[in-house]
Structures are given as C-alpha cells and as structure tokens.
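The structure appears right after this line, and notes come after that.
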Amino acid sequence: MATLLYRLGRGALRRRRLVVALWLVVLVVAGLAAATLRGPTASNFTMPGTESQRALDLLSEQFPAASGATGTIAVKAPADGQLGTPEGQAVVQELVQEASALPGVVGAVNPLQVGAVSPNGRYALVQVQFATGGDEVTDEQRTAYEEVGAAVEAKGWQVAPGGEVLGGEPEIGSTEAIGVLVAAIVLIITFGSLVAAGMTMLNALIGVGVGMAGLFALSGVIELTSTAPILALMLGLAVGIDYSLFITSRHRQNLLEGMSPEEAVGRAVGTAGSAVVFAGATVVIALAGLAVVNIPFLTVMGLAAAATVTIAVLVAITLQPALLGFAGHRVLPRRLRAVPTATVADGVGTDEDDTDVTDRPAATTTPIEDRTGFGFRWARLVTRFRVPVILVSLLGLGLLALPTPDMRLALPDASTATEGSPARVASDLTTEGFGPGFTGRLAVVVAGDDAQATAAAVPQVTAMIQRTENVLAVAPPQLSPDGRTALLGVVPKTGPTDEATETLVHDVRDAVGGVQGADVLLTGATAIGIDVSEKLSDALPIYLLLVVGLSVLLLMLVFRSLLVPLKAALGFLLTVAATFGITVAIFQQGHLASLVGLDTPAPLVSFLPILLIGILFGLAMDYEVFLVSRMREDFVHGDTAREATISGMGHGARVVTAAALIMISVFGGFVFLDDPIIKSMGFALAIGVAIDAFVVRMTIVPAVMSLLGDRAWWLPRWLNRALPNVDIEGEGLRTHLGDRTPTHV
C-alpha cells in the first residue's frame with residue numbers, strides 16, 4: 001500500500017493542475033446537482049417492524065384522514081372561567097375557524113364541543129388535523145400555522161400553536177463557524193505558516209463541499225433524516241482537516257530532512273497517507289456497520305457520514321499533494337526555509353512551468369533532530385512513571401464513567417425544546433393547564449374485519465385502558481368512514497419521556513392483547529419514541545461487540561501484534577464509558593447544564609450511544625494508528641521498544657494534539673446550536689475525542705507500551721504468515737527506495 005500511495009502522491013504533484021481542475025469540476029457538478037435534485041429531509045424516526053409503526057401503516061391504509069400530521073393549539077384566557085362565557089366561546093370559535101382555513105389543514109376541533117377544557121375554565125386545546133404527514137408539510141403551511149391566532153392574542157388571550165407538525169430541519173447557523181475558526185488558529189500555530197494552514201483548511205473545505213453537495217443531490221431519491229446532513233458535515237470537516245494535517249506535517253518533516261518537494265510529498269503520502277487510508281477505512285467501516293442494526297434512519301445517517309469521510313480520504317491523498325506542489329517550500333515557516341539540509345537522491349522529475357517546486361538550492365548537511373520538544377519530554381515522563389500513570393488514568397476514567405449505568409434513552413419532545421421556541425411555549429402552556437400527560441398523548445388503533453367487529457371491540461378496549469394504572473383519560477373514538485377502524489386517544493398522567501409513561505405503554509399493550517375480533521395497536525409520537533429507544537438499546541451490545549472485534553482484527557493486521565490490538569480495544573471501551581458518564585451527568589442529570597446552554601435536562605436521544613460508538617471507534621483508531629505506527633516503524637528499523645515508544649510519541653504528539661484540538665473545535669462548534677439532539681451529539685463527540693486523544697492514546701498507550709516492551713510486538717508465526725501485509729509503516733517503501741533494512745521483523 002505504501003509504495004502504491006507513494007507513486008500516487010508523486011503523480012498528483014506532477015499533474016497538480018489537472019488534479020486541482022478535476023476536483024473543482026467535481027465540486028461544481030455536485031453543487032449543481034444538489035441545487036436541482038435536492039429533496040426534503042425527514043424529521044420523523046420510523047422503525048419498521050415495531051407495533052407503533054404497524055399502527056401508523058394501518059391508519060394510512062384504512063383511515064388516511066387520521067394518518068396526517070397533527071397540531072395542538074394551546075389557548076389561555078385572561079381569567080379563570082372565561083371559556084364558559086359567551087364572549088370566550090366566540091373567541092374560541094373564531095380561532096377554530098381560522099385554524100380550519102389554514103393551507104394543508106383538513107379541519108380543527110372546537111375544544112368546547114369535545115371537553116378539551118381545563119377544570120378552571122381558563123385553558124383549552126384545539127386539535128388541528130393536517131392532510132399530509134409532518135415531513136410533507138411545506139414551510140409555508142408550517143409558517144401559517146405558527147402565526148395563527150394573532151387577532152385573538154390582540155384581545156389579551158394567549159395562543160401557542162404546537163404539536164408534531166412543528167418538527168422541522170435543524171438550522172445550521174454561524175455558531176459552527178467558531179469551531180472552524182479555532183481549527184484554523186490551531187493549524188497556524190502548529191505549522192507556523194499561513195500557506196500550510198490555509199492549504200490544509202482549503203483542502204478540507206473542498207472535500208466537505210463535494211460530500212455535502214453529493215449528499216443533498218441524493219436526497220431526492222433517498223429519505224434523509226434532518227440530522228444526517230449535520231452529522232456528515234460535522235464529521236467530514238473534522239476528519240478532512242485532520243487527514244490533510246497529518247500528510248502536510250509528514251511532508252514538512254521530509255522537506256527538512258533534505259528531500260525535494262516531489263520526493264517529500266511522495267513519501268508523506270506513502271507513510272502518513274497509508275495511515276490516513278487505514279484510519280479512514282476504520283471510520284467508514286464503523287459507520288457503514290450501523291446498517292447491521294437494521295434501523296433505516298440510522299443506516300442512512302451512518303452511510304451519509306461514511307460517504308463524506310471517504311471523500312475526505314480521497315481528497316487528502318490526491319488534492320493535498322497537488323496543492324503542496326504549488327506551495328513548494330512555502331509550507332515551511334520562514335525561519336526554517338533557510339535551514340541547510342542534505343539532498344536525498346530520489347530521481348525527482350521537475351515541472352518546467354512551476355519552478356516553485358524545486359526553487360530551493362541543494363544543501364550539504366543534515367540537521368540534527370531536536371528531541372527536547374514537549375512530546376519527547378512527555379513520553380520520557382510517562383514511560384518512567386508508567387505504573388502510577390496507568391493507575392491514576394484508570395481511576396480518573398472510572399470516576400467519570402460512574403453515571404453511565406443510569407443512562408436513559410428517548411426521542412426528544414417539545415418539553416425539552418429551547419425555551420421561547422414555539423414548540424416549547426405550547427408544551428409549557430399545555431402542561432400548565434392540563435398536566436404533562438397531555439403533551440405525550442398515546443393513540444390506540446382498533447381495526448376489525450368489519451364495522452360490527454370494531455364497534456364491539458371499542459368498548460372492551462376503552463374499559464381495559466381505563467383500568468390501567470397511570471391513565472388519566474381515554475377520549476371518545478374517532479371512526480373511519482367505513483366504520484372498520486377506530487382511533488382512541490389515551491392521556492397518561494406523566495410526561496412523554498417519564499419512566500412511568502414507558503411502563504404505561506407496555507401495560508396498555510399487555511392489557512389489550514387478548515381482545516377478540518380486532519387488531520389493537522398502540523402508537524403516537526410517545527410510543528414511537530419508546531419503541532425506537534428500546535430497539536436501539538437492544539442493538540447497542542451487539543454493535544459494541546462488532547466494533548471492538550473489528551478493532552482487534554484490523555489493528556492485528558496493521559501492527560502484527562496481539563497485545564497492541566487488545567490494548568487499543570480496552571482503551572476504546574474506557575473512552576466510551578467515560579464519555580457516556582459525562583454526557584449523562586450533564587444532559588440527563590443536569591449537572592453544569594448551563595455551561596452548554598441546555599435549558600432542560602432529559603434522557604439522551606436514543607440513537608446517540610450507538611452513533612457515538614461508531615464515530616469514536618474510527619477516531620480512536622485514527623490516533624492509535626498515527627502514534628503506534630510510528631512506534632512500530634522505528635522498532636522494526638532498529639530502535640529498542642522503549643526508544644521506539646518515546647520516538648513515536650515525540651514525533652506524533654504535536655500533530656495528534658493539533659488534530660485532537662481541531663476535532664474538539666469542530667464538534668464543539670455544534671454545541672452552540674439550540675437543537676438538543678445536535679447539541680448533545682457535538683458535546684459527546686468533542687469530549688470523547690478529548691478523553692481518547694489526551695488520556696488514552698497519549699498517556700495510557702505509551703505507559704502500557706513501555707511496560708510491555710518487546711512483548712508488545714509479539715505475534716505467533718503461523719498467524720503472521722496468515723495475515724496479509726498492508727505495510728502501513730512503509731517497510732516495503734523503504735526497501736523499494738533503498739533505505740536501511742528492518743531489523744525487528
């Protein structure tokens with residue numbers, strides 16, 4: 001692999017104008033495709049095979065008028081009892097008529113006729129039925145719904161439109177630019193060169209642009225959830241910058257060793273590029289592996305993010321060498337461009353039209369490597385006190401992981417939306433007037449073979465549900481035109497994400513399971529959220545086992561070792577446990593929630609843990625490969641195990657630190673969004689990268705490697721012969737170029 005990538009890097013530099021032109025064409029074509037073919041994103045989370053989804057499918061088939069999106073307009077009169085007066089009734093009727101005339105609305109129900117009025121006569125709930133599902137409601141229809149009741153509010157009443165119809169696509173604003181700005185500053189500090197920093201950032205942005213444009217172009221033929229593009233953007237930016245950073249950093253090091261730009265970029269792509277390809281492959285495999293969970297919206301999210309990562313890898317190993325060719329020695333800080341270095345005999349070809357590639361005269365001496373930097377000092381400290389370092393690190397991560405067993409999963413509801421948002425105002429007003437159960441009502445579908453069977457089953461079902469603990473009320477049935485399908489509204493006493501509501505859903509299903517002559521199915525946004533969360537919780541251990549097993553096999557293939565992969569997998573488990581613990585403590589339990597701008601603590605979004613495992617696995621393997629591959633590279637070329645550990649840390653610490661800070665900055669930028677799903681995802685990824693990079697990979701890994709010594713690289717001979725050699729550390733490339741022969745092979 002290293003030799004192939006070496007040739008690719010040199011070829012990209014030689015034909016840099018063509019490479020840049022091709023990528024710009026791809027970017028423009030993808031952008032035009034996105035502009036013309038883009039389709040809507042979905043804000044619902046369906047789960048085929050669950051009872052709640054079967055109920056929705058049945059409604060869509062037999063009772064389509066009740067299968068569309070619903071809205072609930074909360075109304076508050078200026079004083080108690082006012083809804084019972086003629087003036088109050090006239091105001092409510094005016095609001096109902098206005099809501100019924102909204103575009104896309106089938107009809108609105110007068111709360112005075114169905115008893116949807118609070119006991120004190122001050123609050124009422126107007127039910128609004130839309131003709132289409134929530135994802136098919138247009139922005140114009142949604143805006144008109146949000147503005148309903150302006151005339152009524154002018155009379156001193158409070159009107160708050162809410163309900164599932166308000167669910168829309170999270171907005172990406174300027175706050176994420178903060179993370180990109182911080183990443184740019186980190187690049188400038190790391191490289192000491194505006195050219196190198198700007199080129200790396202430009203490379204990543206082009207890759208993200210291509211990936212996002214392609215994703216939106218496909219949204220016309222595949223259903224994208226609203227969070228899928230944001231996850232792809234988040235991950236594509238982070239890995240795009242990091243992968244280009246690693247190749248640029250190795251290229252600069254090669255230049256300082258006296259190589260020409262073409263040879264330097266060839267070796268950079270051959271060595272660091274090999275690690276980039278492998279690291280990118282681990283991220284892609286982990287994300288694509290979400291498909292094995294068999295949850296459609298999660299599969300789409302994983303594949304969308306995997307596609308952007310794939311493009312980031314391709315851009316890093318093709319476009320980045322081309323841009324480095326244009327930069328020549330300007331990727332180095334000014335103070336280092338004049339440092340004399342020895343010329344490496346490499347048979348370099350030149351580009352007559354671009355003298356900047358070879359514009360520096362050959363020098364005569366090789367600089368002495370500086371081993372006094374922070375990375376070398378930190379490595380010596382960690383290896384010297386390896387046992388205390390390991391124990392303290394494990395204790396600290398264990399303490400951070402303590403809240404993890406208390407983790408609860410749910411889909412977010414309006415009660416956890418940002419304070420002041422329309423959905424949150426409506427939810428708070430409904431809770432104030434009627435109690436939390438009215439914000440998470442359940443729906444029971446009764447479907448018989450004929451109208452008589454349904455009519456006979458409805459009273460039985462109603463009685464069974466009314467006897468169930470934690471049920472506040474059961475609404476009268478709504479019947480389909482043919483009478484075969486009935487829809488019952490069930491109001492729990494507790495909110496949609498409360499544990500008691502989850503218990504109620506199971507109790508109701510158990511209670512109505514024996515009804516004869518009709519199918520009885522429980523659904524509604526609350527039931528769907530519970531079903532989704534339970535299925536994801538069941539899939540989590542399987543996926544974690546898959547990811548850990550994959551990490552062991554891949555790293556065994558790369559490092560020709562048994563203990564290094566096991567160490568990496570255990571370190572990944574520590575990262576995941578500590579990350580879950582901190583996220584639970586802040587987002588679920590509410591500790592220090594104000595620091596991340598969280599208004600209301602709530603259970604974690606149900607797909608966060610499994611998504612976090614997939615992404616953190618890939619990123620953890622990134623840092624493992626970039627650090628340990630250099631350790632193995634030095635070990636197989638003659639260094640002792642301790643020397644190789646110190647050398648690997650010394651050479652990799654600065655770059656890994658920069659890469660981690662960039663990842664943290666990009667992910668952290670999404671914490672400033674109001675959407676609680678995106679906020680929690682950004683926070684968990686940022687804190688997970690921080691723990692894995694600085695505690696696990698840069699502290700525990702060198703300490704353990706020092707403790708293991710030569711045993712770290714042991715692999716049974718039969719297994720060594722059976723495993724293919726992917727040559728991540730460039731052993732074959734060194735032999736091909738005539739470098740010194742490996743000694744620890």
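Under full-length UniProt numbering, the residue at position 288 of the sequence shown is numbered 288, and the numbers go up by one with no gaps.
Ideal placement from N, C-alpha and C gives every residue a C-beta, glycine not left out.
Quiz item: Roughly how many angstroms lie between the CA atoms of residue 477 and residue 109, to the nearest whole one?
Solution: 14 angstroms
Quiz item: Where do the N-terminal and C-terminal ends of the beta strand (DSSP E) with residue 31 fall, by residue?
Solution: Premise fails: residue 31 lies in the alpha helix (DSSP H), 16–37, not in any beta strand (DSSP E).
Quiz item: When you compare only the Cα positions, how much space is there between residue 183 and residue 418?
Solution: 28 angstroms
Practice problem: Compare the beta carbon distance of residue 762 and residue 241 with 8 angstroms and say whether it is the shorter of the two. | Solution: The structure shown has nothing for residue 762, since the chain only spans 1 to 745.
Self-check item: Residues of its chain near residue 605, where Cβ-Cβ distance is below 7 angstroms and the 5 sequence neighbours each way are ignored
Solution: 411, 412, 677, 680
Quiz item: By how many angstroms is the C-alpha of residue 326 removed from the C-alpha of residue 15?
Solution: 11 angstroms
Self-check item: Coarse secondary structure for residue 299, derived from DSSP in three states
Solution: helix
Exercise. Identify which residue in 561, 559, 603, 568 has its Cα closest to the Cα of residue 580.
Key: 603
Quiz item: Would you call residue 60 buried or exposed, if buried means 16 or more other Cβ atoms sit within 10 Å of its Cβ?
Solution: exposed
Practice problem: Compute the beta-carbon to beta-carbon distance between residue 552 and residue 617, rounded to the nearest angstrom, for a pair I have assumed lies under 8 angstroms. | Solution: In fact, because the Cβ distance is near 12 angstroms, the residues do not count as touching under 8 angstroms.
Quiz item: Excluding sequence positions up to five away, which residues of its chain have a Cβ less than 6 angstroms from the Cβ of residue 352?
Solution: Only weak support is given to the placement of residue 352: the predicted model assigns it a pLDDT of 36, under 50, and the question is left unresolved by the model.
Quiz item: From this set, 654, 710, 717, 624, which residue's C-alpha is nearest residue 746's C-alpha?
Solution: The structure shown does not extend to residue 746, since the chain spans only 1 to 745, so no value can be given for it.
Quiz item: If we ignore side chains and look at the alpha-carbon of each, how far apart do residue 366 and residue 12 end up?
Solution: In this prediction, residue 366 scores a pLDDT of 44, lower than 50, which makes its location untrustworthy; the coordinate-derived value is nonetheless stated afterwards. Going from the Cα of residue 366 to the Cα of residue 12 covers about 27 angstroms.
Quiz item: Taking the continuous beta strand (DSSP E) assigned at residue 501, which residues delimit it?
Solution: Taken as a continuous stretch (DSSP letters only), residue 501 belongs to no beta strand (DSSP E), being part of the alpha helix (DSSP H) at 499–512.
Quiz item: If you run the structure through DSSP and keep just helix, strand and coil, what is residue 280?
Solution: helix
Quiz prompt | Spatially closest choice to residue 393 from 136, 673, 699, 193, by CA coordinates | solution = Of the listed residues, the one whose Cα sits closest to residue 393 is 699.
Quiz item: Straight-line CA distance for residue 27 to residue 214?
Solution: 9 angstroms
Quiz prompt | For residue 130: DSSP bridge partner residues | solution = Looking at the DSSP assignment, residue 130 forms a beta bridge with 105.
Quiz item: Quick one, are the C-beta atoms of residue 768 and residue 51 less than 8 angstroms apart?
Solution: The structure shown does not extend to residue 768, since the chain is modelled only from 1 to 745, so the question has no answer here.
Quiz prompt | Rounded straight-line distance, which links the Cα of residue 516 to that of residue 68 | solution = Whole-angstrom Cα-Cα distance: 28 angstroms.
Quiz item: So what's residue 679 in DSSP terms, helix, strand or just coil?
Solution: DSSP, read as helix, strand or coil, puts residue 679 in helix.
Exercise. With a 10 Å radius around its C-beta and 16 neighbouring C-beta atoms as the bar for buried, classify residue 747 as buried or exposed.
Key: The shown model of the chain, from 1 to 745, leaves out residue 747, and the question about it has no answer.
Quiz item: Looking at residue 613 and residue 544, is the spacing between their C-beta atoms short of 8 angstroms?
Solution: yes
Self-check item: Spatial distance of residue 271 from residue 7 (CA atoms)
Solution: Inter-residue distance for residue 271 and residue 7 is about 12 angstroms (C-alpha atoms, whole angstroms).
Quiz item: Which whole-angstrom value describes the C-beta separation of residue 252 and residue 331, a residue pair presumed to lie in contact below a C-beta threshold of 8 angstroms?
Solution: 6 angstroms
Exercise. Compare the C-alpha of residue 314 against each of 228, 497, 672, 204 and name the closest.
Key: 204
Quiz prompt | Every unbroken beta strand (DSSP E) inside the segment 648–700 [3 residues or more] | solution = none
Exercise. Could you tell me the boundaries of the alpha helix (DSSP H) in which residue 248 lies?
Key: 228–256
Exercise. Could you pull out every residue in the same chain whose Cβ sits closer than 6 angstroms to the Cβ of residue 486, ignoring the five residues on either side in sequence?
Key: 446, 454, 458, 477, 479
Quiz item: Which partner residues does residue 73 have in the DSSP bridge list?
Solution: In the DSSP assignment, the residues bridged to residue 73 are 126, 161.
Exercise. Please list, in chain order, all residues of the same chain as residue 663 whose beta carbon is under 6 angstroms from its beta carbon, the five residues on each side excluded.
Key: 238, 689
Practice problem: Kindly indicate which three-state DSSP category residue 523 falls into: helix, strand or coil? | Solution: strand
Quiz prompt | Boundaries of the alpha helix (DSSP H) in which residue 202 is found, first to last residue | solution = 194–218
Self-check item: Residues near residue 9 in its chain [Cβ-Cβ closer than 6 angstroms; skip 5 each side]
Solution: Counting only Cβ-Cβ distances below 6 angstroms, and skipping sequence neighbours, we find 265, 266, 269, 321.
Exercise. Identify, in the order they occur along the chain, each residue of the same chain with its Cβ nearer than 6 angstroms to the Cβ of residue 209, setting aside the five sequence neighbours on each side.
Key: 27
Quiz item: Ordered along the chain, which non-local residues of its own chain (more than five positions away) have a Cβ less than 6 angstroms from that of residue 470?
Solution: 492, 493, 500, 504
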